[in-house]
Amino acid sequence: MMTDIIHLLPDSVANQIAAGEVVQRPASALKELLENTIDAGATEIKVIIREAGKTLIQVIDNGCGMSERDARMCFERHATSKIEKADDLMAIRTLGFRGEALASIASVAQVELKSKRHEDEIGTRINIEGTVFKGQNPISCQNGTSVSVKNLFFNVPARRNFLKSNTIELKNIIEEFFRISLVNPTIAFTFYNQDKVLFQIPAGNLKQRIISLYGSSYGQRLIPVEQKTALVNLSGFIGKPEFAKKTKGEQYFFTNGRFMRSPYLHHAVENAFQELISKESFPSYFIFLEVDPHTIDVNIHPTKTEINFQDIKSIYAILFAAVKQSIGKYSLSPSLDFDVEHSMNVPPLPSDKEIRQPSITINPDYNPFEKKIRPQNQISFPSSSSQTMKAMNDFYQQEKLPKQNFDIPPSAELLYKEALVDRKKSFQIQNSFIVTHSQSGVIVIDQQHAHERILYERFIDQVERKEVSGQHLLIPVTIHLTPDDLCFFQAWKDHFLFLGFDIAEFGKDSLIVSSVPSTLQDSNIDGLIESILESLKSSIPENKSSQTQILARTLAKKTAIKRGKNLQPEEIFSIIESLFACKVPEISPEGKLTMAILSFEELKQKFKL
Ligand code: ADP
Ligand code: MG
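Following this line, the structure appears as structure tokens:
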């Protein structure tokens, strides 16, 4: 006789299976407990850890507390106070909502919960071990909730044995604690490890929170990032380039109050730091994204930290631009007091409801210089497809993701691509600034910074392609140096050669220059070389730039067109074209802004159109 074979799993088994997803290690249990305290509106939270959480994880909060019945209910699977119907999922603002965490934890540990609502006289205590209810009784306790999770995986030896060393599990716990305390700076936390206070962090703002977690030296290391758009509001801090670490770690994204991992957006930040830090160092960042909850998918795996955004490409571009502008702003005035929490004066991106999706298709063979006018100063550049686009494509290749057609929203290069159409409407004002415009906005270029960028990239490009073009001098120039300076020159000699100089030592105190980079042909060579040596002497040794880069930068600075020089129309076009063909058009080699962009969207806003 055939019997039916399908039956429902007992709750204890179902919970243990769920626990496999929710609670993988002590750190994940801590995460769930902490999220519950935040959802409960706590302002003061204590974390108590023993044996890296293997014997005890206790979290005490002063949040709303639970009634006697809720204290029982919360251990039921799918018991949650946070959503009632499927629609609520779309507007979720709390961290938890699945009603799975406590049930899962209680199925694999010995749990004691004490809780008292502010309005109740007396609290309640409940004990539960491996889903088995051990009793509930009234107790007198403080307002709020305390959950102790003891002997995690006591009934699942395979999982307990699977845990890593205490050092590693504690590191994971601390990492989780950092994530949650960074995103909740207004909540005070105390963290005890083996009965000793490891972190005591008062309520404050984000900057104060970073300082209390990482140390007071961080006060000097942070640059604010701020950008409000219809799609996303960005805020937070990036570390100054010179403090970039050799280790990853201080890299945090938070979306709507949740820690988030995003290799893709990480790439945007890294890209914005390009050239400013060495390949071996990692920029620090603490960046907060606020988006409409309807535009992200939170109904994801409980422990996963990836978030699906509807319009990640635009967010990439906005983030890239915002970080870059913050760096630029900082380089302009490094001494600016960033403690003042005003919003940075960056050109806002369009803030109408729909972020403009430019529909420009990029033709990689397109060469804006085909009909190039060669001005006297011979600025010439190979066409380079935009850095951002290239980087994004690289990224997709690395990650083996399907390649996409990138339509990059408002970034300088995009404005430029459009600017090509209208390039005749460009002019110089005050003998210092070039004004041009595109379909999206008005662009004002600082001719000096821009030309420094152009020359710098040209030098570097020639070195990289080993196509240094030196210009023979009709009459070699002799330069007299002190013996010290001659020694100093020797340390740089090779790099001068790389850049197209031909300089030989002559006797004990002289140099003979017979060839110079072709851009310099008319310059006063001896004065130039002396002043380059002089500024090299005072240049602070940096490990993030190679000597060639430093020399290229100095040379670019010395020889660039200065503010105050009247430019011919061809020179104006050439600067515009060459600048936008640069890899990093927005920032001078010394990190100063080369241009300001005023978008038409912004103008419309200003005029309330
Ligand atoms: P979720 O957070 O997904 O709702 P949990 O299993 O984490 O599910 O918690 C179940 C319920 O228990 C929560 O919805 C909340 O009502 C209650 N709860 C849990 N922890 C606390 C706490 N620290 N303070 C107050 N209520 C809590
Ligand atoms: Mg929860």
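Residues in the sequence shown are numbered consecutively from 834, following this note's numbering.
In this text, a Cβ means the ideal position worked out from N, Cα and C, and glycines have one as well.
Owing to the predicted nature of the structure, the values given are computational and were not obtained by experimental measurement.
Val892 has Val880, Val980 as its beta-bridge partners, per DSSP. Judged by DSSP secondary structure, Lys949 falls within the beta strand (DSSP E) whose first and last residues are 943-949. Contact annotation: Ala1150 and Pro1116 have beta-carbon atoms that are not nearer than 8 Å. DSSP places Met1428 in the uninterrupted beta strand (DSSP E) bounded by 1428-1432. The DSSP-derived three-state label of Ala1414 is coil.
Just so you know, the alpha carbons of Leu1431 and Gly1274 end up roughly 5 Å apart. Using a C-beta cut-off of 8 Å, the stretch 1035-1042 makes no contact with the stretch 1001-1010, since fewer than three inter-stretch Cβ pairs fall below that distance.
By the C-beta criterion, the stretch 974-986 is judged to be in contact with the stretch 879-891, since at least 3 inter-stretch pairs fall below 8 Å. Distances between the C-beta of Ser914 and the heavy atoms of the ligand ADP include at least one below 7 Å. If you check the C-beta of Leu935 against the ligand ADP, you find a heavy atom less than 7 Å away. The residues Ala885, in chain order, have a CB closer than 6 Å to that of Leu1003 in the same chain once the five nearest residues on each side in sequence are set aside. Taken from the Cβ of Asn1104, every heavy atom of the ligand MG lies 7 Å or farther away. Taking a C-beta distance under 8 Å as the contact criterion, Gln1280 and Ser1259 do not qualify as a contact pair.
Setting aside the 5 residues that flank it on each side, Gly874 is surrounded in the same chain by Gly896, Cys897, each with a C-beta closer than 8 Å to its C-beta; the list follows chain order. Residue nearest to Ser937 within the set Thr1128, Phe986, Val892 is Phe986 (criterion: CA-CA distance). In the three-state reduction of the DSSP assignment, Lys1341 falls in the coil class. For Asn869, the CB falls within less than 7 Å of some heavy atom of the ligand MG.
Under DSSP, Glu1059 shares a beta bridge with Ser1068. The count of Cβ pairs closer than 8 Å, one atom from the stretch 1410-1426 and one from the stretch 1282-1290, reaches three, so the stretches are in contact. In this structure, the beta-carbon distance from Ile1148 to Leu1064 falls below 8 Å. Distances from the alpha-carbon of Gln975 to those of Thr1311, Phe908, Asn848, Asp894 put Asp894 closest. Look at Ala873: its beta carbon is less than 7 Å from one of the heavy atoms in the ligand ADP. In the structure shown, Gln1304 adopts extended strand secondary structure according to DSSP, grouped into three states.
Between the stretch 1435-1442 and the stretch 1288-1306, the count of Cβ pairs shorter than 8 Å is below three; the stretches do not touch. Considering only Phe966, Thr957, His951, Gly932, the residue with the shortest C-alpha distance to Ala942 is Phe966. In the three-state DSSP reduction, Pro1350 falls in the strand class (E or B). Shortest gap from the CB of Thr1023 to any heavy atom of the ligand ADP: 7 Å or more.
For Glu865, the shortest C-beta to heavy atom distance toward the ligand MG is below 7 Å.
Annotation for Tyr1118: the continuous beta strand (DSSP E) segment containing it runs 1118-1123. Residue pairing for Gly1274: DSSP places it in a beta bridge opposite Ser1432.
Looking from the CA of His1099, the closest CA among His1127, Leu1288, Phe1119, Gln1323 belongs to Phe1119.
The nearest non-hydrogen atom of the ligand ADP is less than 7 Å from the C-beta of Cys907. In this structure, Leu1046 keeps its C-beta atom at 8 Å or more from the C-beta atom of Gly1072.
With at least 16 other beta carbons inside 10 angstroms of its own, Val1102 counts as buried. Distance between His911 and Lys1162, taken at the CA atoms: about 49 Å.
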